[in-house]
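J.: Below is one structure. I have some questions about it.
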Amino acid sequence: MTLVLNRPSKLLFAIIFYSITGFLIGQENSESTKDSLPLNALEEVVVTANRYGSIQHKTPEAIEVVNNNSIQRFQLRTAPEALLLATGVFVQKTNHGGGSPFIRGLTGNQTLLLYDGIRLNNATVRSGPNQYFNTIDVFSVGKMEVLRGSGSVQYGSDAIGGTIQALSTEVETAEKPVWGTDLFTRFVTQDMEQTANAALKYGDKRVAFRANATWRNFGDLVGGDTTGQQIPTGYRELDFDLKGKILLSDRSRLTTVYQRVHQKDVPVYHKVALEDYAINKMDPQKRELAYARLHQDLGNNIFKTAVLTASYQHHEEGRILQKNGSTSLRTENDKVRTFGFSAETFSSHGKIWSANSGVEIYNDKVRSSRTDKDLTTSNETANRGLYPDGATMTSIAAFSMHTLSMEQWDITAGLRFNTFINKVTDSVLGATKLTPSALVGNLAVQRRLNETSNVFASINTGFRAPNINDLGSLGIVDFRYETPNFDLKPEHSLQYQLGYKFRNRAVKAEVFLYRNELYDLIVRNRIAGDSIEGYPVYQKKNVERGFIQGAEMGLDLSLNPNWNLSGNMTYTYGQNKTSDEPARRIPPLFGRLATSYTIKNWNLNADWLLAGKQDRLASGDVDDNRIPDGGTPGWNVLNIHGSYSINYITIAVGLQNIFNEDYRYHGSGVNGYGRSGVLSVSASL
């Protein structure tokens, strides 16, 4: 990789690097007694690393938190774009309605997505960038957690790069009945966004709930400098969610959630701009989730709590396609119904030992259809959909994770066994059954250097089971035509990691080094000489090995009670051992520098986003029309935001991409925002 940055970018990267290393050296021997606040006032509790609450600073994992307050201060549009605040997350956008997070060089079905502990990855999640994380309404989220390099033992298949979890906004009980309302509206210049959101809240001694609704209209995205308006990129969205909590007794509580996200007319811009399509859009893009979770305190000396969760999901993706000059309009529709169930217990003995063990079951059923309409005669012909109609995928798993604490040492270890039953009955492909399985484990050893510093080493094994997308895809995917292969086995990974964490009242600093060995990768292989509908023909096979390694640094500095400075930087290097070339879609060197200042009712924020040039390309990257010839240029973008609060109303304004930079996240199908203004008004009643 050749890094090409302008002079301000080089300066900012130097500031981040030397600030982090300086604090690591200078603060190593500092005493916590010098702090005016106790350490426990700073302890962020995370749940993704162990499936139960643990202190972020004391957890031997690379885990980052993005809270709702930060999302609002920097006026981030969607759930994927909110992840730009997190160290080590690179967000590719195939279209404006997408947003595919990369963790440690991997995305798509090699990165696991969760909502409140429930898997969003289903039987049709495809490799490479996708739009699934954008089916989460950002206004339903209380915070997000990014677990880099881990998750297969805790949650199962797909967590080869890591795990991202969106956690719903908490609902709170109260001594006396309390009602509340949150209202929000936002506008972006050049008609790029109109958003309205309303939430109704209630709490009493035993019951609490929150109902939330969001309406959104996104106009065509206007890029910087010479890009101009990217037509078509705009779409519409309507979301609703409801969360309730009931205290059944002093020792048990029931939590229920229902959410629905519905996006309409979501264009795939690069298909229209570069691949001769008159129409290429997703309509609809829908996701529903409902779950009930019973939390029971057991009052036992060993077994402390038990949690039972039952869930239902329905995901629908429609695609409408028409080539320029063609009289045929193709409509494709894929639906996935998912039932889930999990039972787990948390156990502990004093402060020495704790454990979390349980079982999980998920069952997916796929319905897939396609209709071709002759626009001259209005005749419609039904054809086989992208996936085998009626295909099912069942996942059955058992896991157990344990933590042992001894004076200055912590040891964490876990195992999971996961088996799958994939059934495909198809008029074109015939009937088949595939039953892959995987046994994975992790081990971490942490040394507590003092009250503020920890260092750890860990080994994580991961896997990705072949799903219905791998087994039964038949049709156009991206810039290729794909045919199925029923002789697939799981992908595997072995990741080594070293980490250092420092935290006191004023400073939070982290450094992580890792290497991820990848085995039995399922990749598309071109079938020489074959072509269908003008597209080259590919088939998936377990034929590749490779590795990805890198470094991640993060710094958060409270200069005084009003002023905060933060920065992060991520370096990723990937190599395909089989073909002896760079791994696909590897992000360039990238980072972020941000500052926030608060005085009385005013809040001012600025952030500088940076990325180097990525010209270290795989052959698949060279063939990808979303990547410019010679690679994706480096860029840096400056944004500023400010807000003023009075009583229960907050007015916020922002200026995005101040210098009107023409830029694109590597591998994206659209360029980023040009210079644009943002206005939002919120009220809490």
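Residue numbers for the sequence shown follow UniProt numbering, beginning at 1 and rising by one. Quick reminder that beta carbons are idealized off the backbone N, C-alpha and C, glycines included.
Looking at the structure shown, is A506 part of a helix, part of a strand, or coil, going by DSSP?
T.: coil
J.: How big is the Cα-Cα spacing for G203 and T173?
T.: Here the C-alpha atom of G203 lies approximately 5 angstroms from the C-alpha atom of T173.
J.: By Cβ distance below 8 angstroms, which residues in the same chain neighbour S676 in space, the five residues on each side in sequence not counted?
T.: V188, T189, Q190, M192, V222, L655, Q656, N657
J.: For F133, name the three-state secondary structure that DSSP assigns.
T.: Looking at F133 - three-state DSSP - the assignment turns out to be helix.
J.: Let's test the definition: count the other Cβ atoms within 10 Å of the Cβ of A431 and tell me whether it reaches 16, buried, or not, exposed.
T.: exposed
J.: Are the beta-carbon atoms of T309 and D297 separated by less than 8 angstroms?
T.: no
J.: Among N542, D334, F502, N95, which residue has its Cα nearest to the Cα of K281?
T.: N95
J.: Look at the alpha carbon of R503 and the alpha carbon of R448, and state the distance between them as a whole number of angstroms.
T.: Using only the alpha carbons, I get a separation of about 12 angstroms.
J.: Across the region 152-165 and the region 218-236, are there enough close Cβ pairs to call them in contact, namely three or more that are closer than 8 angstroms?
T.: Using a Cβ-Cβ distance cut-off of 8 angstroms, the region 152-165 and the region 218-236 are not in contact, since fewer than three pairs of beta carbons, one from each stretch, lie closer than that value.
J.: If we require 4 or more residues per run, which alpha helix (DSSP H) segments fall completely within the UniProt domain "TonB-dependent receptor plug" (58-163)?
T.: 68-73, 79-82, 152-155
J.: Taking just the CA atoms, how far does I527 sit from E482?
T.: 10 angstroms
J.: Run the CB neighbour count on R206, radius 10 Å, all protein chains shown included, and call it buried at 16 or more, exposed below.
T.: Answer is exposed; the Cβ neighbour count stays below 16.
J.: Which same chain residues end up closer than 7 angstroms to R664 when comparing Cβ atoms and leaving out the 5 residues on each side of it in sequence?
T.: T632, N671, G672
J.: Answer with buried or exposed for P628, where buried requires no fewer than 16 other C-beta atoms within 10 angstroms of its C-beta.
T.: exposed
J.: Check whether the region 222-231 touches the region 134-151, taking contact to mean three or more Cβ pairs, one atom from each stretch, closer than 8 angstroms.
T.: In short, these stretches do not touch, since the Cβ pair count stays below three.
J.: Runs of 3 residues minimum, wholly inside the region 354-392: which ones carry the beta strand (DSSP E) assignment?
T.: 380-384
J.: For N363, which residues from the same chain have a beta carbon less than 6 angstroms from its beta carbon, with the 5 sequence-adjacent residues on both sides left out?
T.: Non-local C-beta neighbours of N363 in its own chain, meaning closer than 6 angstroms and more than five positions away in sequence, comprise F339, T394, ordered along the chain.
J.: Relative to the C-alpha of L386, which candidate in V138, L443, E332 has its C-alpha closest?
T.: E332
J.: Quick check: the region 551-567 against the region 495-510, are there 3 or more CB pairs under 8 angstroms?
T.: yes
J.: So what's Q575 in DSSP terms, helix, strand or just coil?
T.: strand
J.: Going by DSSP in three states, N50 sits in which element: helix, strand or coil?
T.: Coil at N50, not helix or strand.
J.: Classify P466: buried if its beta carbon has 16 or more other beta carbons within 10 angstroms, exposed otherwise.
T.: buried
J.: Select from A444, E661, N383 the residue whose C-alpha is nearest the C-alpha of T59.
T.: Relative to the Cα of T59, the nearest Cα in the group A444, E661, N383 belongs to A444.
J.: When the distance is taken between beta carbons, is Y648 closer than 8 angstroms to A683?
T.: yes
J.: Could you compute how far the alpha carbon of A413 sits from the alpha carbon of Y514?
T.: 18 angstroms
J.: Taking the C-alpha atoms as reference points, what is the distance between V523 and V543?
T.: 7 angstroms
J.: For A397 and G667, which I take to be in contact (beta-carbon distance under 8 angstroms), what is that distance rounded to the nearest angstrom?
T.: Taking a contact as a CB-CB distance under 8 angstroms, the pair A397 and G667 does not count as one, their CB atoms being some 32 angstroms apart.
J.: May I ask you to report which of helix, strand or coil DSSP gives G219?
T.: coil
J.: To the nearest whole angstrom, what separates the beta carbons of Q194 and N217, a pair I think is in contact under 8 angstroms?
T.: 5 angstroms
J.: Considering just the uninterrupted stretch of the alpha helix (DSSP H) at N469, what are its terminal residues?
T.: 468-472
J.: Please report whether the beta-carbon of V523 lies at a distance below 8 angstroms from any beta-carbon of chain D.
T.: Here there is only one protein chain, and chain D is not present.
J.: The alpha helix (DSSP H) spanning H270 covers which residue range?
T.: 269-274
J.: Terminal residues of the continuous alpha helix (DSSP H) containing V622?
T.: Run containing V622: 619-623, per the alpha helix (DSSP H) assignment.
J.: How would you call W409, buried or exposed, if buried means at least 16 neighbouring beta carbons within 10 angstroms?
T.: It counts as exposed.
J.: Inspect the beta-carbon positions of Q75 and S680 and report whether they are closer than 8 angstroms.
T.: yes
J.: Which value, in whole angstroms, describes the spacing of the CA atoms of L248 and E175?
T.: Looking at the two C-alpha atoms, the distance is approximately 16 angstroms.
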